[in-house]
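Sequences listed follow chains A and B, in order.
Under our numbering, the first sequence has 150 at position 136, and the numbering climbs by one with no breaks.
Under our numbering, the second sequence has 432 at position 46, and the numbering climbs by one with no breaks.
For glycine and all other residues, C-beta sits at the position ideal for the given N, C-alpha and C.
Here's the structure we're looking at; comments come further down.
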Amino acid sequence: MDNYQVNRIKEASYGHSIIPPCQAACPLHMEIGEYVDLVAQGKVMEALQVIRDGNPFPSICAYVCTHPCEDACRRSQVDEPIAIRALKRFAVEFGGDRMIELEAVTTQSEKVAVVGSGPAGLACAYYLRKLGYPVTIFEAYSEPGGMLRVGIPQYRLPREVVDTEVQRLTHMGVEIKTNTRVVSLDLLFDMAYKAVFITVGAHQGLRMGIEGEDSPGVIDGATFLREVNLGLKPSLGDRVGVVGGGNVAIDAARAAVRLGAHKVSIIYRRSREEMPASPSEIEQALEEGIETMFLVTPIRVKRENGHLNVTCVKMELGEPDADGRRRPIPIKGSEFNTEFDTLITAIGQAPQLSEDFRLRIGRGSTIQVDPVTLTTNRAGVFAGGDAVTGPATVTQALASGRQAAFRIDDYLQHRYPLADTGEKKSSLGELSPKTIEMIKKIERLEPPFLPPEARVNEFTTVELIYDWQSAVNEARRCLRCGMGAEILFQDKCATCLTCLRVCPYHVPYIDDAGSIQIPAEQCQACGICVAECPAKAIVLRKPYDRRHIDEELEHALKSAAESKSKPLIIGFCCQYGLFGTGALASLWREGKAGIWIVPILCVAKLEEVHILRAFEMGAEGVFIAGCGEQCSRENTAFWVLQRVEKVRKVLAQIGLEPQRLQTFNLRIAEADAAEALDNFTEQIGGLYLNSIIKQEVRT
Amino acid sequence: MIVAEQKPVEEIRQVIAPYERVLLLGCGTCVTVCGAGGEHEVSFLHSALQVAQARSGDGIHSFLEYTVKRQCDFEFLDLLTDKVKEVDAILSLGCGIGVQVVAERFSDIPVLPGVNTSFMGMAKEWGVWDERCAACGDCRLADTAGICPITRCTKGILNGPCAGTKNGKCEANKDMDCAWILIYKRLERLQQLEKMRRYYPPRNFRVIPRPRRIVKKADVKVGKDNG
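As structure tokens, then:
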């Protein structure tokens, strides 16, 4: 792997753009805007490449990521956030992630041991391998994957997905020793490992500390899920109570339903608003018939006649505590009894660490590390994942594993640790109300789900994948935060106010000094001002403007010159959403003689000079195909027509028929669009013939 | 602001016909603002000339593009010294002033106009410009409620309205407001209708000897006893 790639993994680059909130919120700081935009263009393989650049196991995240990016998405100020995780899943499935094979070459001599094969361990091994180190993973259980395998139920993450990623790692040369519990780190160093990454997870269920907790029929959530996930079918009886409000509690409850329990109740001491579990998981659990007992906590368990008699107390919410959630307080005299066959306790988990590791332990039995270098109190020993943070998300674990790999590399290469690049902040603030008002409201498209009645009987995956059109449409909702316009050449700006007058979103304004400002946090990157600026002082932060169109146009003209098919027709076509379907795609695929498509990222960015350039290079006809009212931006068709009129006027002055330049709306009924295009082609053919005859007559 | 309009491509092709290498010179001030001769329009014209040349098959020109901050000041034109040596003519997309200043600065090379300098005015909205001032040198706007009858009345009369006003519009153009009706209404709002009742004598055009010059600097002598 060359340096460029290493750098690319280390420091995710976002060109000239400002980091959008989604990317800042992602623990892996993936280039979300980038891949969502590629999906919107129908470029799924390219989208997958971007995803893979920022994430070692995208297929896993595509299923289980808790998507903090969606919580940060500024589209939620307009209507609803972009369905980023579902789009990632679409890219992973349709982009051919399964086909990708990874290779790695050993270029370093220092062996590294990874203790634990959960997401953090796997990620660490992946990046260390890419950096050329020989890596061995030690796993105590019979199968690698850690929580991915023993914590997360199959209906959320199919086992084949984990298997594929593990196989890929093995293919890269990572050695995985299962059924191997590491009891002493000294032994590892004796075995010539130069660095060790401890990532044993947090598998030990916390105790409630109530009477009767050790009765048969009471089981902790982590152990229960592990048994289920390793293929055992614990007998639960009819009535199951699950204590807790986190994701493990929800997972346990949903697994219990699938194991045949008739009545499953979640017992949580606060109310639904305070539940730490992901809202969509809660929603799905309720759909599956799971009941809830809010503001209730068990205080005593008694086993009688093969059942559990559970005494509970009702709670009320008091003042907010240290983490901002309202503290539950027992209501005196509100005790009541209820019966279960099984009680699953899922109130938290902690790491289980061998004392022989001689690691400094902190709050909640977690390993104490330096947050920047992930070093522990022992030289050469690094730690990460749930073992350090306590139960957290898969994506956080992956990020921690990646960080560990690069810090271990620093350590082994005797480099001073690089400044921590983990923290990323987005400087983009809120959208202003007048911008929000102008943004087209487009409903969020969710991927389809199995109906609840189909999913409660088995452990098959609940969430299905988008179809092509839905994914593209959903991706097009992205506001492209941080990719917007900026006045790059302040000295050229004549303060003519064109940008202020043409912006559909009322973004540019005049500051106190009388200069024009285009605030990045409001700009919707439609590109109209870029094309209209009479001083050419504005560019888009992401070069989707004239710079991109110039490149695409020259490319098409070059191919056209080689093919020599006549008459040459250049079509500037919106790339968003159209690649996979429609009249245009068939044109593209069939490669109709003489028609060359220049894909552009919204026709509003097309400038008169591009059209003229096509005519200069011998095009007999030029058409511009936009997506009409389907466009997620405002006013685009108006500006296309303005520019077309201007060019037609000049064509007439030059002696070319203005009808050589046409516009099409490819979102009208597809047959109509195809017909209109055929008519145009025919017309241009006629004009071309005429001009040849005229030329003959002249000579 | 000076408002101009780009000349038709055919006319421009005729004036540049004798010259092989042509510098298309934009101006970054008034003609940029009115969309006639800024960097964007220079590129547009360049492309249009290339198309014309390619399609007619009789093109021999090569073009250079450049836009200066302001053509009407010698100092900005100094940046062009090297470029001018490489061309046979300059097509200035500046206003009539720009063309003349460029011509004065570069005395050995033909300087041709690429725009028609039209008037002094304002942007009414995007893409629409209106005339507002005729630079008559004898401003009467204090008497006419800030609305200039010289430019905005077709006849330019000082004592209006004339008999051709109808429903607030001018007889010369039904879409054009009658300037004197506008003046009347605004004076009414300002409660200064008495200004309508006065007679304004014809203006003395002898106060405008052309070409005009304004000298702001005082004629002073710095010497031993002075300063």
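Chain A contact for residue 537/B (CB, 7 Å cutoff): Cβ-Cβ to chain A under 7 Å: no for residue 537/B.
Cutoff 8 Å; reference residue 462/B; Cβ partners in own chain excluding five residues on either side: If we look at residue 462/B and ignore the five residues flanking it on each side, its Cβ neighbours are 454, 455 and 456.
Is the Cβ of residue 710/A closer than 7 Å to any Cβ of chain B? For residue 710/A, the closest Cβ of chain B is not nearer than 7 Å.
Using only CA atoms, which one of 670/A, 415/A and 294/A lies nearest to residue 68/A? For residue 68/A, the closest alpha carbon among the candidates 670/A, 415/A and 294/A is that of 415/A.
Beta carbon of residue 282/A nearer than 7 Å to that of residue 259/A: In contact: residue 282/A and residue 259/A (Cβ atoms closer than 7 Å).
First through last residue of the alpha helix (DSSP H) which encompasses residue 235/A: Residue 235/A: member of the alpha helix (DSSP H) spanning 235 to 243, first to last residue.
Specify the secondary structure class of residue 593/A as computed by DSSP and reduced to three states. Bear in mind that a pLDDT of 48 at residue 593/A, under 50, signals an unreliable position, so the number given afterwards is only what the model happens to contain. Reduced to three states, the DSSP call for residue 593/A is coil.
Quick check on residue 599/B: buried or exposed, where buried means 16 or more other Cβ atoms within 10 Å of its Cβ? Residue 599/B comes out exposed.
Alpha carbon to alpha carbon, what distance is there between residue 504/A and residue 538/A? C-alpha separation (whole angstroms): 20 Å.
Mapping the DSSP letters down to three states, classify residue 151/A as helix, strand or coil. When DSSP states are grouped into helix, strand and coil, residue 151/A belongs to the strand group.
Assuming residue 422/B and residue 497/B form a contact by the criterion Cβ under 8 Å, report the distance between their Cβ atoms to the nearest whole angstrom. That belief does not hold up - the Cβ atoms of residue 422/B and residue 497/B are roughly 17 Å apart, past 8 Å.
Under the three-state reduction of DSSP, which class applies to residue 115/A: helix, strand or coil? If DSSP states are grouped into helix, strand and coil, residue 115/A belongs with coil.
So, using beta-carbon positions, are residue 490/A and residue 376/A closer together than 7 Å? Their beta carbons are not under 7 Å apart, which means residue 490/A does not touch residue 376/A by this criterion.
Kindly indicate the opening and closing residues of the alpha helix (DSSP H) around residue 178/A. Per DSSP, the continuous alpha helix (DSSP H) segment holding residue 178/A begins and ends at 173 to 185.
For residue 286/A, which residues of its own chain have a beta-carbon under 8 Å away from its beta-carbon, when the five flanking residues on both sides are left out? Excluding the 5 residues flanking it on each side, residue 286/A has same chain C-beta neighbours closer than 8 Å at 296, 306 and 308, in chain order.
For residue 302/A and residue 268/A, which I take to be in contact (beta-carbon distance under 8 Å), what is that distance rounded to the nearest angstrom? Rounded to the nearest angstrom, the Cβ distance from residue 302/A to residue 268/A is 6 Å, consistent with a contact under 8 Å.
What's the C-alpha gap between residue 533/A and residue 522/A? Here the C-alpha atom of residue 533/A lies approximately 7 Å from the C-alpha atom of residue 522/A.
With C-beta atoms as the reference, is residue 482/B less than 7 Å away from residue 503/B? For residue 482/B and residue 503/B, yes; Cβs fall inside 7 Å.
So, is residue 594/B buried or exposed, given that buried needs 16 or more other C-beta atoms within 10 angstroms? Residue 594/B is exposed by the Cβ-count criterion.
With 7 Å set as the bound, which would you pick, yes or no: does the beta-carbon of residue 436/B sit closer than that to a beta-carbon of chain A? It does: the Cβ of residue 436/B has a partner Cβ on chain A nearer than 7 Å.
Which class does residue 492/B belong to by DSSP, given the choice of helix, strand or coil? Here residue 492/B sits in coil by DSSP.
Could you please tell me which residues of the region 608 to 634 of chain A, in chain order, have their CB closer than 7 Å to any CB of chain B? Listed in sequence order: 622, 623, 626, 627, 629 and 630.
Pop quiz: residue 235/A and residue 359/A are said to be a contact at Cβ under 8 Å. What is the actual Cβ separation, rounded to whole angstroms? Distance from residue 235/A to residue 359/A at the Cβ level is roughly 6 Å; contact confirmed, criterion being Cβ atoms closer than 8 Å.
Between the region 503 to 527 of chain A and chain B, which residues of the former have CB atoms less than 7 Å from a CB of the latter, in chain order? Among the residues of the region 503 to 527 of chain A, those with a Cβ less than 7 Å away from any Cβ of chain B are 506, 508, 510, 512, 515 and 516, in the order of the chain.
Only counting runs of 4 or more residues, tell me where the alpha helix (DSSP H) segments fall wholly within the region 18 to 101 of chain A, in order along the chain. Runs of alpha helix (DSSP H) with 4 or more residues, each lying fully within the region 18 to 101 of chain A, are found at 35 to 39, 46 to 54, 58 to 68, 72 to 78 and 82 to 86, listed in chain order.
If you run the structure through DSSP and keep just helix, strand and coil, what is residue 537/B? Of the three classes helix, strand and coil, the one that applies to residue 537/B here is helix, per DSSP.
May I ask you to report which of helix, strand or coil DSSP gives residue 471/A? Three-state DSSP puts residue 471/A in coil, outside helix and strand.
Out of 468/A, 140/A and 112/A, state which residue places its alpha-carbon closest to the alpha-carbon of residue 118/A. Per the C-alpha coordinates, the member of 468/A, 140/A and 112/A positioned closest to residue 118/A is 140/A.
Inter-residue spacing [alpha-carbon to alpha-carbon] between residue 586/A and residue 439/B: Straight-line Cα distance between these residues: approximately 23 Å.
Taking the alpha helix (DSSP H) that residue 415/A belongs to, which residues open and close that run? The continuous alpha helix (DSSP H) containing residue 415/A extends over residues 408 to 426.
For a contact defined as C-beta to C-beta under 7 Å, what are the partners of residue 512/B on chain A? What residue 512/B touches in chain A: 512, 515 and 516.
Since residue 132/A and residue 159/A are thought to touch, with beta carbons under 8 Å apart, how far apart are those beta carbons, to the nearest angstrom? Their Cβ separation, rounded to whole angstroms, is 7 Å, which keeps residue 132/A and residue 159/A in contact under 8 Å.
Anything in the region 667 to 682 of chain A with a Cβ closer than 9 Å to a Cβ of chain B? List those residues in chain order, please. For the region 667 to 682 of chain A, the set of positions with a beta-carbon nearer than 9 Å to some beta-carbon of chain B reads 667, 668, 669 and 670 in chain order.
Mind checking if residue 636/A is an interface residue toward chain B, Cβ cutoff 7 Å exclusive? So no, residue 636/A is outside the interface.
Tell me which residues share the same chain as residue 410/A and place their Cβ nearer than 7 Å to its Cβ, disregarding the 5 neighbours each side in the sequence. Cβ neighbours of residue 410/A beyond the five flanking positions: 41 and 403.
With respect to the alpha helix (DSSP H) encompassing residue 469/B, which residues constitute its N-terminal and C-terminal limits? From DSSP, the alpha helix (DSSP H) with residue 469/B extends over 467 to 471.
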